[in-house]
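Numbering (this note's numbering), first residue to last: 2 to 624.
Glycine is no exception: its CB is placed at the ideal position from the N, C-alpha and C atoms.
Written out below as structure tokens is the structure these notes cover.
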């Protein structure tokens, strides 16, 4: 056989049969010949991968030479396939030879070995596997050629790229006229990676010489892997001591320089979170607020274009908040206090404060000589309509990470009406603060709308009676009183003040329908009992004689009620007693009382606008 490796076939006429990646080449002839069965295969460098990446090959831990494309020639015929020629491999653009040496596996072991086979890439779309001259494949011998290939960045993504192996042999030894062609193909997908970069920070208003952090998110948005993904980080002015922190769960990589970290390989669909630390280094009292920026950039082997991502630490996010304390209130017939809380959450002092309070429709006014800031007296505010404005001196500030309170008193503005009007007004007020950071940046105004609590008396009125001539004592008051003609009756009116401030300027209106007569109004149980039992009327007010069924506009002044301008102290109850007689029997009549109240400083009775209980606070007795 001239020292050749034997390959045999069966015919001068070839017919190619394809089954998957196995190609059958049976030949029929009048004499014995080779019968070739061809097969191709793909063996990834990384177990389980069924595709190729763009720009390289990953074996699961390292950047490998490539994946294996195998081409198997199995001669099942009775004769050799003679004079096997070089194997031409047609490849897609971007496929490159990963390894020159080509491993050849022969089977069975008795077949002659083919050693020293190499491959050469002869063009962008072809690789040639060199076969020694006069190489035959003997009958019943099989040879598998393992070609290592990888990709570069020019390869296109495709779900089914084709790699085709082609060669030929002679059916008759050294007779090129008996040449037979054969080929087989393998399909393989190529997937590309995608790259995105995002840098953010939650830091704001940091103090000098403190560590700040930035969050960097690197994401492979594609289905293929990415190689040599290098993160570069650049600190802006005011930041020093860069520290790139990669979590242990991230893909493998290494620090290339103090400002660069390179990941060896990031699989498709993988997100990597990196923390970047730096230390602030700026002048705490500059003329202009510092701008602290951190810029991240990223590049990979295939040079995907990714915009830089910049994160900036602001000095103007929520530096100041303003709020009204819940204890702020206005007072009917009196003076209330409003407290504004200014909270500086930044590390920068706040000054050039201009604070405004719009009292809106409340008809309140700010009292002069009552304003304090940080516990110290300040000048009275200027007034424009309902807006009061305090322009604080330049030296007055809200220090970094501190709070200050603006406190002032309010009362009803009687140039707009009478004090009682406050009870029906909307007591919402709105504060606004303009300010400047000490580093010179003017900030947008902050606001707070607040509904002031109105402290006012809350009277509750009840009325009961007792028949004195029926021996009903002071403990026998009931809603319904029974009696006969000329029986003496006492009606007790109780006014309870459940509110937080004293009740003033109380005016009572009492009316009873027919068959009754009211003779006296008394300030106490004792004086009322004295009149009802025929004793002295001292201390009581006579209703004027005759038959009186209505006592209106009765002022609850001392001794009827508490002393001074107060009629019913907050949280207490005062009683007034009406004394009268039953004039006729066989009647069912009603004794009603309602009250009006207001502010004692107004001319009594309260006049128009007085607060009246007739609709909601009336008490009555049916007799």
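Beta-carbon separation (whole angstroms), residue i vs residue j, contact threshold 8 Å
| i | j | result |
| --- | --- | --- |
| residue 555 | residue 532 | Rounded, the Cβ-Cβ distance is 16 Å, inconsistent with contact. |
| residue 325 | residue 414 | The pair is not a contact, with the Cβ atoms about 19 Å apart (cut-off 8 Å). |
| residue 105 | residue 146 | 6 Å |
| residue 432 | residue 358 | 5 Å |
| residue 49 | residue 58 | Contact doesn't hold; Cβ gap of about 14 Å is too wide. |
| residue 87 | residue 131 | 6 Å |
| residue 409 | residue 371 | 5 Å |
| residue 594 | residue 510 | 7 Å |
| residue 278 | residue 214 | 5 Å |
| residue 69 | residue 149 | 6 Å |
| residue 307 | residue 217 | Actually they do not touch by this definition, with Cβ atoms about 12 Å apart. |
| residue 356 | residue 401 | In fact, because the Cβ distance is near 19 Å, the residues do not count as touching under 8 Å. |
| residue 513 | residue 550 | 5 Å |
| residue 367 | residue 382 | 6 Å |
| residue 490 | residue 581 | 6 Å |
Same chain, Cβ closer than 6 Å to residue i, five either side skipped, listed in chain order
| i | result |
| --- | --- |
| residue 454 | 330 |
| residue 23 | Because residue 23 carries a pLDDT of 44, less than 50, the predicted location of this residue cannot be relied on, and the following value inherits that uncertainty. Once the five neighbours on either side are set aside, the close Cβ partners of residue 23 are 40. |
| residue 188 | 161 and 163 |
| residue 143 | 75 and 108 |
| residue 27 | With a pLDDT of only 44 at residue 27, under 50, the local geometry of the prediction cannot be trusted, and the value read off the model is given with reservation. Answer for residue 27: 36, listed in chain order. |
| residue 72 | 41, 146 and 166 |
| residue 225 | 54, 55, 192, 193, 194 and 269 |
| residue 496 | 460, 462, 569 and 575 |
| residue 405 | 343, 375 and 399 |
| residue 182 | 169 |
| residue 46 | 58, 60, 65 and 68 |
| residue 264 | 230, 252 and 254 |
| residue 237 | 294 |
| residue 90 | 128 and 166 |
8 Å CB neighbourhood of residue i in its chain, flanking five on each side removed
| i | result |
| --- | --- |
| residue 395 | 352 and 353 |
| residue 544 | 519, 520, 521, 522 and 552 |
| residue 152 | 53, 54, 55, 56, 57, 58, 95, 96, 97 and 191 |
| residue 585 | 486, 515 and 516 |
| residue 155 | 94 and 95 |
Run of the beta strand (DSSP E) containing residue i, from where it starts to where it stops
| i | result |
| --- | --- |
| residue 40 | 37-44 |
| residue 73 | 68-76 |
| residue 122 | 120-124 |
| residue 586 | Per DSSP, residue 586 belongs to no beta strand (DSSP E) and is neither H nor E. |
| residue 1 | Summary: the structure shown does not reach residue 1, with the chain confined to residues 2 through 624, and so no result is reported for it. |
| residue 263 | 261-267 |
| residue 421 | That residue, residue 421, is in no beta strand (DSSP E); it is neither H nor E in DSSP. |
| residue 102 | No beta strand (DSSP E) contains residue 102, which DSSP labels as neither H nor E. |
| residue 493 | 489-498 |
| residue 253 | Counting along the chain, residue 253 falls outside any beta strand (DSSP E), and DSSP gives it neither H nor E. |
| residue 164 | 159-173 |
| residue 595 | 591-599 |
| residue 431 | 429-438 |
| residue 485 | Run containing residue 485: none; DSSP gives neither H nor E here. |
| residue 137 | 136-138 |
| residue 466 | 460-468 |
| residue 55 | No beta strand (DSSP E) contains residue 55, which DSSP labels as neither H nor E. |
| residue 244 | 240-246 |
| residue 47 | Looking at the DSSP string, residue 47 is not in any beta strand (DSSP E), and its letter there is neither H nor E. |
| residue 156 | No beta strand (DSSP E) contains residue 156, which DSSP labels as neither H nor E. |
| residue 275 | 272-281 |
Opening and closing residue of the alpha helix (DSSP H) in which residue i lies
| i | result |
| --- | --- |
| residue 298 | Here residue 298 belongs to no alpha helix (DSSP H); instead the beta strand (DSSP E) covers 293-300. |
Own chain residues within Cβ distance below 7 Å of residue i, not counting five before or after
| i | result |
| --- | --- |
| residue 259 | 243 |
| residue 220 | 197 and 272 |
| residue 428 | 331, 363, 452, 453 and 455 |
Are at least three pairs of beta-carbons, each pair with one atom in the segment 93-113 and one in the segment 198-215, less than 8 Å apart?
Result no; under three Cβ-Cβ pairs closer than 8 Å.
Quick one: which unbroken alpha helix (DSSP H) runs of 4-plus residues sit fully inside the segment 364-409? Chain order, please.
Qualifying alpha helix (DSSP H) stretches: none in this window.
Meets three-Cβ-pair contact criterion under 8 Å: the segment 341-351 and the segment 260-279
Fewer than three pairs of CB atoms, one per stretch, sit closer than 8 Å, so the segment 341-351 makes no contact with the segment 260-279.
I'd like to know if the segment 34-54 and the segment 71-85 are in contact, where contact means that at least 3 CB-CB pairs between them fall below 8 Å.
Flag = yes, the segment 34-54 and the segment 71-85 touch.
Touching or not, the segment 189-208 and the segment 125-140, by the rule of three or more beta carbon pairs under 8 Å?
Segments in contact, no.
Unbroken stretches of the alpha helix (DSSP H), 4 residues or longer, contained in the segment 500-556:
Segments of the alpha helix (DSSP H) lying fully in the segment 500-556: 526-533.
Does the structure place the segment 523-542 close enough to the segment 494-509 that three or more beta carbon pairs sit under 8 Å?
Output reads no: the segment 523-542 does not touch the segment 494-509.
Unbroken alpha helix (DSSP H) runs of length 4 or more, entirely within the segment 181-224: which are they?
Fully contained in the segment 181-224 is no alpha helix (DSSP H) run of length 4 or more.
Can we say the segment 300-314 touches the segment 464-479, given the rule of at least three CB pairs closer than 8 Å?
These segments do not touch.
Whether or not the segment 421-430 and the segment 361-370 are in contact is what I'm after, with contact meaning three or more pairs of Cβ atoms, one per stretch, closer than 8 Å; do they touch?
Per the Cβ contact rule, the segment 361-370 is in contact with the segment 421-430 (3 or more Cβ pairs under 8 Å).
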